[in-house]
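**Student:**
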Amino acid sequence: MTILSGLLGLVAIAMMATLAVLAVRRDRDIRHNAPGATLRNATVRGRAGDRSTPPAVR
Numbered sequence: 123m124t125i126l127s128g129l130l131g132l133v134a135i136a137m138m139a140t141l142a143v144l145a146v147r148r149d150r151d152i153r154h155n156a157p158g159a160t161l162r163n164a165t166v167r168g169r170a171g172d173r174s175t176p177p178a179v180r
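Note that the working numbering gives residue 146 to position 24 of the sequence shown, counting from 1, and the numbers run on in steps of one.
(1) Please report the distance separating the alpha-carbon of Leu126 from that of Ala134.
(2) Quick check on Ala142: does DSSP put it in helix, strand or coil?
(3) Do you know how far the Cα of Arg150 is from the Cα of Ala156?
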């Protein structure tokens, strides 16, 4: 029974870590696709000319 409890604990830890990683990725995607970020990047790109790399997001 202790082996099963240990395995259940490991599965729970793995699930929590996975959920944390997915939440961070989702947050980054939401911030990257925010409407304000698009307008800010467009104005920076328009003033700086055509560059191959996008400006850094703060």
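Glycine residues also receive a C-beta, built at the ideal position from the N, C-alpha and C atoms. Since the structure is predicted, the reported quantities are computational estimates derived from the model, not experimental observations.
**Tutor:** So, from the data block:
(1) Going by C-alpha positions, Leu126 is about 12 angstroms away from Ala134.
(2) Ala142 falls in the helix class under three-state DSSP.
(3) Rounded to whole angstroms, Ala156 to Arg150 spans 10 angstroms at the Cα level.
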